[in-house]
Every structure is written in structure tokens, then in C-alpha cells.
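Accompanying notes for the structure given below.
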Amino acid sequence: DTEVTQTPKHLVMGMTNKKSLKCEQHMGHRAMYWYKQKAKKPPELMFVYSYEKLSINESVPSRFSPECPNSSLLNLHLHALQPEDSALYLCASSQVIGMMDEKLFFGSGTQLSVL
Amino acid sequence: AQSVTQLDSHVSVSEGTPVLLRCNYSSSYSPSLFWYVQHPNKGLQLLLKYTSAATLVKGINGFEAEFKKSETSFHLTKPSAHMSDAAEYFCVVRGRGARQLTFGSGTQLTVLP
């Protein structure tokens with residue numbers, strides 16, 4: 002199984018809502034990532050977990066809250082988002098972080114619209 | 003410091019003709035270089051990677067890329083385009099000791115029938 006599964010595929014939420022994005026992989030990878038991608042732009046790194054511990058936080062606003070409950074799951078909790086947060090949110094995994102030739106496996110993403 | 007420049011934001015080719023997507027990089031040390039492809043509303047998929055072994059790298063779906071240190075380039079090629087190749091392509095660099103990957107701005111490939 003070489004898949005990274007993300008749910009939901011689409012999400013529409015108001016600025017006062019609380020929602021969560023979920024990501025799952027069963028490849029035994031110990032590094033998991035959240036990226037944000039605006040239309041026609043490259044992905045931007047948000048968070049990296051290594052062995053279930055937050056390793057990198059790219060100065061992301063606190064309205065985004067990541068969680069890694071175990072080595073296979075990664076969540077992104079959303080609260081009080083702004084319309085400019087509308088984007089494709091991609092989850093990725095790799096065997097470990099810090100390897101020069103690390104290959105990332107991406108999920109298909111959650112298309113988020115904030116009204 | 004590391005950076006990557008994709009020289010063309012859009013490339014159009016006819017089906018069956020060659021594809022060339024250009025990428026130049028900057029890195030303080032010998033980098034690792036990757037090409038990823040993204041089809042509409044999908045995640046990214048690794049096409050190929052260079053990690054200081056052979057300078058000509060073969061990837062999936064008939065794509066290949068050549069690492070040229072003297073030109074700091076890593077251009078992606080395919081001898082004959084297929085309609086299914088239409089997608090966004092990202093050149094990605096990782097310098098030694100870098101905390102994360104650096105993505106290029108992307109090249110949208112259109113394949114005309």
C-alpha cells in the first residue's frame with residue numbers, strides 16, 4: 002500500500018466553524034507533512050512531524066492546529082479561519098526526515114473553501 | 003541557501019512531439035533534485051530524482067532528466083508527449099543540510115491533439 006489517504010476531499014466552512022482534516026498512511030513512514038497550495042502555485046510547507054513529534058512549524062497562524070495521534074495518522078484542526086485560507090491542503094509522508102533523497106508521497110488533498 | 007527557477011510557466015506541445023521543461027537551481031552544496039507531477043485536483047507524484055549518482059536520470063512514464071552541474075540545470079524531457087502528460091510539473095531542490103524542500107513555481111504542460 003503506497004497511498005496517503007486524505008478526508009474529506011472537499012470542505013466548505015464558515016469563519017466561526019471548527020473542522021478537522023484527516024490524513025492516513027500505512028507505509029510505515031515516520032515523517033508526515035502538511036502543505037498548503039493556492040491555485041497555480043507550488044505547495045507551501047506548514048508543519049512536519051517526525052516520530053509523532055512536531056519538528057517544523059513554518060510560522061503558521063494558531064487557527065491551524067496539527068495533531069499526530071500515532072505514526073499512521075495526521076490531523077489538522079481548523080478554527081476561526083479566514084477566506085484567504087481557502088486552498089488545497091495536502092498531506093504527505095516520507096520514511097524519515099532529513100535524508101537528502103527523501104521521497105514524499107502525497108495525498109490527493111482536501112479542497113477547502115472558507116466563506 | 004537553495005532556490006530553483008522554472009524557466010517557463012506554460013509549455014504547449016503536440017501529441018507525439020518531444021517535451022522539454024526547463025529548471026535551473028542554486029544550492030551551496032551538491033543538491034538533490036526532483037521532478038514532481040500534479041494532475042488536476044490531485045496530489046503530487048514523484049517522476050524522478052537525482053542524488054549524486056548517474057547524471058542522466060530515468061523516471062516513470064518515459065520521462066528523464068539530466069543533471070548538468072556546469073549549467074546548474076536539471077531539465078525534464080520526454081521523447082514523445084501523450085495526452086495524459088498534461089499536468090503541472092514542479093522542479094524541487096534540497097540542499098545538503100537544508101531543513102526542507104524548495105519548490106519551483108511550476109510549469110503547466112498542455113498537450114494538443
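Residue numbers (the working numbering), protein chains in the order written: chain A, 2 to 116; chain B, 3 to 115.
C-beta atoms are modelled at their ideal positions from N, C-alpha and C, and glycine is treated no differently.
None of these values were measured; they are calculated from a predicted model.
Where residue i sits in the DSSP three-state scheme
| i | result |
| --- | --- |
| E85 (chain A) | helix |
| N1 (chain A) | No statement about residue 1 (chain A) is possible, as the shown extent of chain A runs from 2 to 116 and does not include it. |
| M47 (chain A) | strand |
| N26 (chain B) | strand |
| N43 (chain B) | coil |
| M101 (chain A) | coil |
| S56 (chain A) | strand |
| M33 (chain A) | strand |
| S95 (chain A) | strand |
is_contact[residue i, chain A] using C-beta, thresh 9 Å
| i | result |
| --- | --- |
| N26 (chain B) | no |
| L30 (chain B) | At residue 30 (chain B) the sequence reads Ser, which differs from the Leu that was named. Answer no: the Cβ-Cβ gap between S30 (chain B) and chain A never drops below 9 Å. |
| T86 (chain B) | One point to set straight first is that residue 86 (chain B) is Ser, not Thr, in the sequence displayed. Cβ-Cβ to chain A under 9 Å: no for S86 (chain B). |
| S5 (chain B) | no |
| N63 (chain B) | no |
| L46 (chain B) | yes |
| S82 (chain B) | no |
| S75 (chain B) | no |
| F69 (chain B) | no |
| L111 (chain B) | no |
Min CB distance residue i to chain B below 9 Å
| i | result |
| --- | --- |
| L105 (chain A) | yes |
| V5 (chain A) | yes |
| G29 (chain A) | no |
| L91 (chain A) | yes |
| V1 (chain A) | With chain A covering 2 to 116 only, the question about residue 1 (chain A) has no answer from this structure. |
| K101 (chain A) | Correcting the residue type first, residue 101 (chain A) is Met in the shown sequence and not Lys. True, the Cβ-Cβ gap to chain B drops below 9 Å. |
| L55 (chain A) | no |
| P84 (chain A) | no |
Own chain residues within Cβ distance below 7 Å of residue i, not counting five before or after
| i | result |
| --- | --- |
| A166 (chain B) | This structure leaves residue 166 (chain B) out entirely; chain B is present only between 3 and 115. |
| S29 (chain B) | Q4, V95 and G97 |
| Q47 (chain B) | Y38 and V39 |
| P9 (chain A) | T111 |
Residues near residue i in its chain [Cβ-Cβ closer than 6 Å; skip 5 each side]
| i | result |
| --- | --- |
| S66 (chain A) | H78 |
| T7 (chain B) | N26 |
| S2 (chain B) | The requested residue 2 (chain B) does not occur in the structure, where chain B is confined to residues 3 to 115. |
| L105 (chain A) | A93 and S95 |
| S60 (chain A) | none |
Presumed contact (8 Å Cβ cut-off) between residue i and residue j, rounded CB distance
| i | j | result |
| --- | --- | --- |
| L22 (chain A) | Y90 (chain A) | 6 Å |
Close beta carbons around residue i, own chain, < 8 Å, minus the five adjacent residues each side
| i | result |
| --- | --- |
| Q38 (chain A) | P44, E45, A88, L89, Y90, L91 and G110 |
| L55 (chain A) | F48, V49, P67 and C69 |
**Request:** Could you tell me whether the region 5–25 of chain B touches the region 107–115 of chain A, where touching means 3 or more Cβ pairs closer than 8 Å?
**Result:** Too few Cβ pairs lie closer than 8 Å, so no.
**Request:** For the region 80–92 of chain A and the region 13–25 of chain A, state whether three or more C-beta atom pairs, one from each stretch, are separated by less than 8 Å.
**Result:** Contact check between the region 80–92 of chain A and the region 13–25 of chain A: three or more CB pairs, one atom from each, fall below 8 Å, which counts as touching.
**Asked** Should the region 22–33 of chain A be called in touch with the region 73–93 of chain B, which here means at least 3 C-beta pairs below 8 Å?
**Response** No, the region 22–33 of chain A does not touch the region 73–93 of chain B.
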